[in-house]
Amino acid sequence: MPAYFFHLKGDGLDHIDRCGSHYSGPQHARAQALWFAREALAEEEAEGRIPRRAYVQVDDEAGRSLFMLPLLMAGGERDILVRKPPRRSKA
10 MPAYFFHLKG DGLDHIDRCG SHYSGPQHAR AQALWFAREA LAEEEAEGRI PRRAYVQVDD
70 EAGRSLFMLP LLMAGGERDI LVRKPPRRSK A
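The numbering used here puts the first residue of the sequence shown at 10, with every later residue one more than the last.
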């Protein structure tokens, strides 16, 4: 099984995955990246930070960047940032 490396970068975060994890393929690695992003986002929010520019970068064994996932796309604050305000009723 191929190895994938999950790095956390941006907004002062700099976690470099030097060990990697083995998954059956890119689809499984994407699912793991989403879980990792949600966990990282929850930790940052618990500390009172909103990591607007932080992301998970996933690399393959050759060091090629396969994709990046912004933490805010994983849930949490993303809903607050993109949701339109409710309409006020006319009284």
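Note that the Cβ used here is the ideal one computed from N, Cα and C, for glycine as well.
8 angstroms contact criterion, which residue i and residue j should meet: CB distance rounded
i, j, result
"Y64", "L80", "6 angstroms"
Residue from the options whose Cα sits closest to the Cα of residue i
i, options, result
"G34", "G84, D68, L78 and A83", "D68"
"E53", "G19, R73 and Q36", "G19"
"A83", "R39, Y32, M10 and Y13", "R39"
Cutoff 6 angstroms; reference residue i; Cβ partners in own chain excluding five residues on either side
i, result
"L22", "A63"
"H16", "I25, D26 and Q66"
Distance cut-off 7 angstroms: residue i Cβ against heavy atoms of the ligand MG
i, result
"P79", "Summarising the ligand content, the structure contains no ligands, and the ligand MG is consequently not present."
Close-in-space but distant-in-sequence residues of the same chain around residue i (CB under 7 angstroms, 5 per side omitted)
i, result
"E48", "none"
"L78", "A42, L43, A46, Y64 and V65"
"E70", "P11 and A12"
Where residue i sits in the DSSP three-state scheme
i, result
"A12", "strand"
Task: alpha helix (DSSP H) segments (min. 4 residues) lying fully within the segment 14-98 - done: 35-55 and 86-91
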